[in-house]
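Engineer: In order, the protein sequences belong to chains A, B, C and D. The working numbering numbers the first residue of the first sequence as 16 and each following residue consecutively. The working numbering numbers the first residue of the second sequence as 16 and each following residue consecutively. The working numbering numbers the first residue of the third sequence as 18 and each following residue consecutively. The working numbering numbers the first residue of the fourth sequence as 18 and each following residue consecutively. Ideal Cβ positions, reconstructed from N, Cα and C, are used throughout, including at glycine.
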Amino acid sequence: MYLKKLRLSGFKSFADPVSLEFSEGISAIVGPNGSGKSNITDAIKWVLGEQSIKSLRGKKMEDVIFSGTEKKQASGYAEVVLILDNKDGSLENYPQEIAISRKLFRSGESDYAINKKSCKLKEIHSIFMDTGLGKNGYSLISQGSIENILASSPTELRNIFEEAV
Amino acid sequence: MYLKKLRLSGFKSFADPVSLEFSEGISAIVGPNGSGKSNITDAIKWVLGEQSIKSLRGKKMEDVIFSGTEKKQASGYAEVVLILDNKDGSLENYPQEIAISRKLFRSGESDYAINKKSCKLKEIHSIFMDTGLGKNGYSLISQGSIENILASSPTELRNIFEEAV
Amino acid sequence: MTEQFKANFIKLQENFTRIFSILFEGGRAYLEFTDPTGVLEGGIELVAQPPGKRLRHISLLSGGEKSMVAIALLFSFLEINPSPFCVIDEVDAALDDHNIYRYISYLKKVAEHNQFITITHRRTTLEVCDNLYGVSMSKDGVSQLVSVRLTDYA
Amino acid sequence: MTEQFKANFIKLQENFTRIFSILFEGGRAYLEFTDPTGVLEGGIELVAQPPGKRLRHISLLSGGEKSMVAIALLFSFLEINPSPFCVIDEVDAALDDHNIYRYISYLKKVAEHNQFITITHRRTTLEVCDNLYGVSMSKDGVSQLVSVRLTDYA
Ligand SMILES: Nc1ncnc2c1ncn2[C@@H]1O[C@H](COP(=O)(O)OP(=O)(O)OP(=O)(O)O)[C@@H](O)[C@H]1O
Ligand SMILES: Nc1ncnc2c1ncn2[C@@H]1O[C@H](COP(=O)(O)OP(=O)(O)OP(=O)(O)O)[C@@H](O)[C@H]1O
Ligand SMILES: [Mg+2]
Ligand SMILES: [Mg+2]
Numbered sequence: 016m017y018l019k020k021l022r023l024s025g026f027k028s029f030a031d032p033v034s035l036e037f038s039e040g041i042s043a044i045v046g047p048n049g050s051g052k053s054n055i056t057d058a059i060k061w062v063l064g065e066q067s068i069k070s071l072r073g074k075k076m077e078d079v080i081f082s083g084t085e086k087k088q089a090s091g092y093a094e095v096v097l098i099l100d101n102k103d104g105s106l107e108n109y110p111q112e113i114a115i116s117r118k119l120f121r122s123g124e125s126d127y128a129i130n131k132k133s134c135k136l137k138e139i140h141s142i143f144m145d146t147g148l149g150k151n152g153y154s155l156i157s158q159g160s161i162e163n164i165l166a167s168s169p170t171e172l173r174n175i176f177e178e179a180v
Numbered sequence: 016m017y018l019k020k021l022r023l024s025g026f027k028s029f030a031d032p033v034s035l036e037f038s039e040g041i042s043a044i045v046g047p048n049g050s051g052k053s054n055i056t057d058a059i060k061w062v063l064g065e066q067s068i069k070s071l072r073g074k075k076m077e078d079v080i081f082s083g084t085e086k087k088q089a090s091g092y093a094e095v096v097l098i099l100d101n102k103d104g105s106l107e108n109y110p111q112e113i114a115i116s117r118k119l120f121r122s123g124e125s126d127y128a129i130n131k132k133s134c135k136l137k138e139i140h141s142i143f144m145d146t147g148l149g150k151n152g153y154s155l156i157s158q159g160s161i162e163n164i165l166a167s168s169p170t171e172l173r174n175i176f177e178e179a180v
Numbered sequence: 018m019t020e021q022f023k024a025n026f027i028k029l030q031e032n033f034t035r036i037f038s039i040l041f042e043g044g045r046a047y048l049e050f051t052d053p054t055g056v057l058e059g060g061i062e063l064v065a066q067p068p069g070k071r072l073r074h075i076s077l078l079s080g081g082e083k084s085m086v087a088i089a090l091l092f093s094f095l096e097i098n099p100s101p102f103c104v105i106d107e108v109d110a111a112l113d114d115h116n117i118y119r120y121i122s123y124l125k126k127v128a129e130h131n132q133f134i135t136i137t138h139r140r141t142t143l144e145v146c147d148n149l150y151g152v153s154m155s156k157d158g159v160s161q162l163v164s165v166r167l168t169d170y171a
Numbered sequence: 018m019t020e021q022f023k024a025n026f027i028k029l030q031e032n033f034t035r036i037f038s039i040l041f042e043g044g045r046a047y048l049e050f051t052d053p054t055g056v057l058e059g060g061i062e063l064v065a066q067p068p069g070k071r072l073r074h075i076s077l078l079s080g081g082e083k084s085m086v087a088i089a090l091l092f093s094f095l096e097i098n099p100s101p102f103c104v105i106d107e108v109d110a111a112l113d114d115h116n117i118y119r120y121i122s123y124l125k126k127v128a129e130h131n132q133f134i135t136i137t138h139r140r141t142t143l144e145v146c147d148n149l150y151g152v153s154m155s156k157d158g159v160s161q162l163v164s165v166r167l168t169d170y171a
């Protein structure tokens, strides 16, 4: 199983729909300061159910919706779709391609879906139950957080460990 | 007035006496990870009276004394001497060269001195009273602290401001 | 719970000790319980000793050394609990050229079984990447994708 | 106290706004009191808007943008309260090549009146330095000074 595609629309600085196709191995994302690279990391954390707006560098959940610039209107909603390739069948009972999506309207209405069928966050968590993704902090390392891991207290380190294994 | 010379002996990873001569303009310190560059920043903060061992990345004040390696004995004391060039007379009532030093023995005995005459920390602070050095966090920026400035709360930012001007 | 927890801890401990000495080319590191008698409640402490140095508290390590220890811990977790993919955002910012090289050599090995998406400004890291994606800010303040070739970063 | 404080605040405000738009080549930034009526007790908030972008809370800025804002603030303080010397330890770690160039151009200007000692791994920053000092770890784990030439960092 691997990450095949990521589609962002109205998420943070990605006002216009954008789609990144990935293949296995190591992919690098490059670009100048402030161009939107870490917003992609935030989009992946968000679609997988991240609840803490602080860890998405915002103040209120609405901060993930494109809030406009001098030349462009603000967006009405943010949507991220993450598509996993499951051709190797590592996830039984799931199709060859799994599309996980999250949408948030300015009104506060939000919606998760798996393969376009609305679902609860619990169901998204259960997809990754036996893998290292999502629930533990170890597979999604945001900018600056690598140093914080060492600054955690023994109890915090224990909690990270319990979630990760 | 400018920093003319810095002498370290037994301070952190500088077991053997080392002396850096500086001139005006911009000086760069380079070297591999873990070679001792930031220990030089810590030495300057320490000799100017830094009281918080946490801001010197240690747990107890003794952590600033060279604690030995597989091949070398631990030191009995740490000493840093900072020499300022005052030829331009910007500090009235002081000689052309001012040597500020701080020494700490493993026993806990410590000693500040100005031009080899023992003094209190207050006297060192008074040298820099009307300059930007020492009392405010703005002239000694340790590694990683540039990001922290922006993370301070409005009240913290106000305190930094009050000290700085 | 106890048996499983203990088994996982030992596995993590082994990984961390091994990967640390690969990344640092020597030295030793391990994890220990703050209260060995109360394994189920106590915290976990990290001990790291770069080659040629004494054992000291990790707060005294340098910026680059701390990043390398954290990277070793990350790879140790991934080994126990592989993830369909892993996103790493500028973990190489504090590393010197020598350490970057050690980090990417190990990354290449781990990437045989895990997919990695890494955000970086460092040229050395780009050399091991299979694919490259460029992001830029358009005139009207909106992020867009641009095609990039490795040679642009020469 | 009030008069002096207010005068200094206005001076800092002016510096920060000017230096920010030099470093970002546009945009605007300022400092404001959280409680304009209670100037003596309230806190100070920092507002920064890079060119072409909307005004947003500074927590939403990128890693490199945050470093540049903090650098602008540092230079603003130094202008009000010059210091006999200033030590800067790896403030350029998160900057891309374009921003490093802007940072060192301004640093060169400020260095006409202040002495700077900077610790860096970035080649571009070394190009504006007048003197270069090398530090290395000897075999027995002790720091020592070594002579370095700029060409070593080619
Ligand atoms: N809701 C939003 N609407 C529009 N723009 C936003 C929104 N949230 C964040 N931004 C913008 O996104 C930019 C930050 O992008 P990001 O952190 O991804 O940069 P980056 O490419 O990672 O840069 P660096 O190399 O400095 O880390 C900021 O300039 C910020 O103003
Ligand atoms: N009291 C001490 N005795 C001996 N060595 C010490 C002492 N305190 C710190 N050290 C050592 O100093 C080293 C850290 O040095 P420092 O932080 O100056 O590195 P640096 O050159 O800034 O590296 P980087 O480029 O990674 O930031 C550590 O390896 C640490 O073990
Ligand atoms: Mg970023
Ligand atoms: Mg350092």
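List, in chain order, every chain A residue whose beta-carbon is nearer than 8 Å to that of residue 53(D).
Structural biologist: Under the 8 Å cutoff, chain A gives no residues; its nearest Cβ is about 21 Å from residue 53(D).
Engineer: Select from 128(D), 159(D), 70(D) the residue whose C-alpha is nearest the C-alpha of residue 88(A).
Structural biologist: The shortest Cα separation from residue 88(A) among 128(D), 159(D), 70(D) belongs to 70(D).
Engineer: For a test of your reading of the model: does the CB of residue 113(C) fall under 7 Å from any non-hydrogen atom of ligand 3? Yes or no.
Structural biologist: Not under cutoff, so the answer is no.
Engineer: Give me the subset of the stretch 82 to 112 of chain A whose CB atoms are less than 9 Å from a CB atom of chain D, sorted by chain position.
Structural biologist: Here the close residues are 82, 83, 84, 85, 86, 89.
Engineer: Exposed or buried, what is residue 24(C) when buried is set at 16 or more other beta-carbons lying within 10 Å of its beta-carbon?
Structural biologist: Residue 24(C) should be labelled exposed.
Engineer: What residues from chain B crowd round residue 83(D), counting only those whose CB sits closer than 7 Å?
Structural biologist: Ordered by position in chain B, the residues that pass the 7 Å Cβ test against residue 83(D) are 162, 165.
Engineer: Locate the beta strand (DSSP E) running through residue 100(B), then write down its first and last residues.
Structural biologist: From DSSP, the beta strand (DSSP E) with residue 100(B) extends over 92 to 100.
Engineer: Secondary structure at residue 193(A), three-state DSSP: helix, strand or coil?
Structural biologist: Residue 193(A) lies beyond the range of chain A shown here (16 to 180); nothing can be said about it.
Engineer: Write down the C-beta distance between residue 46(D) and residue 87(D) rounded to the nearest angstrom, noting that I regard them as a contact closer than 8 Å.
Structural biologist: The pair is not a contact, with the Cβ atoms about 11 Å apart (cut-off 8 Å).
Engineer: Consider the C-beta atom of residue 152(D) and the heavy atoms of ligand 2; say whether any pair is separated by less than 7 Å.
Structural biologist: Yes - ligand 2 has a heavy atom lying nearer than 7 Å to the Cβ of residue 152(D).
Engineer: Shorter than 7 Å, the distance from the beta carbon of residue 158(A) to the closest heavy atom of ligand 1, or not?
Structural biologist: Within the cutoff, so yes.
Engineer: Would you call the stretch 78 to 85 of chain D in contact with the stretch 96 to 103 of chain D, where contact means no fewer than 3 C-beta pairs closer than 8 Å?
Structural biologist: In short, these stretches do not touch, since the Cβ pair count stays below three.
Engineer: Less than 8 Å between CB atoms is the rule here; does residue 164(C) satisfy it with respect to chain G?
Structural biologist: Absent from the structure is chain G; the protein chains it does hold are A, B, C and D.
Engineer: Does at least one heavy atom of ligand 1 sit under 7 Å from the Cβ of residue 68(A)?
Structural biologist: For ligand 1, not one heavy atom lies less than 7 Å from the Cβ of residue 68(A).
Engineer: Just to confirm, are residue 93(D) and residue 27(D) a CB contact at a threshold of 8 Å?
Structural biologist: Not a contact, by the Cβ cut-off of 8 Å.
Engineer: Report all residues from its chain with a CB closer than 6 Å to the CB of residue 105(B); omit the five preceding and five following residues, and keep chain order.
Structural biologist: Cβ neighbours of residue 105(B) beyond the five flanking positions: 16.
Engineer: According to DSSP, what are the bridge partners of residue 135(C)?
Structural biologist: Beta-bridge pairing links residue 135(C) to 43(A), 105(C).
Engineer: Between the stretch 44 to 72 of chain A and chain C, which residues of the former have a C-beta closer than 9 Å to a C-beta of the latter?
Structural biologist: If the cut-off is 9 Å between Cβ atoms, the stretch 44 to 72 of chain A has 44, 45, 46, 47, 48, 49, 50, 51, 52, 53, 54, 55, 56, 59, 60 near chain C.
Engineer: Exposed or buried, what is residue 123(B) when buried is set at 16 or more other beta-carbons lying within 10 Å of its beta-carbon?
Structural biologist: So residue 123(B) counts as exposed.
Engineer: Taking the straight line between their C-alpha atoms, what separation do you get for residue 119(B) and residue 83(B)?
Structural biologist: For residue 119(B) and residue 83(B), the distance between alpha carbons rounds to 16 Å.
Engineer: Can you give me the Cβ contacts of residue 137(D) inside the same chain, cut-off strictly under 8 Å, excluding the 5 residues immediately before and after it?
Structural biologist: Hits under 8 Å: 107, 109, 143.
Engineer: Just checking, does the stretch 69 to 79 of chain B make contact with the stretch 125 to 132 of chain D on the three C-beta pairs under 8 Å criterion?
Structural biologist: No, the stretch 69 to 79 of chain B does not touch the stretch 125 to 132 of chain D.
Engineer: Let me see if you follow: with CB-CB separation under 8 Å, is residue 106(C) close to chain A or not?
Structural biologist: Judged by the 8 Å Cβ criterion, residue 106(C) is in contact with chain A.
Engineer: Taking the beta carbon of residue 91(B) as the centre, do at least 16 other beta carbons fall within 10 Å, making it buried, or is it exposed?
Structural biologist: That one is exposed.
Engineer: Cβ of residue 112(D) less than 8 Å from any chain A Cβ?
Structural biologist: It does: the Cβ of residue 112(D) has a partner Cβ on chain A nearer than 8 Å.
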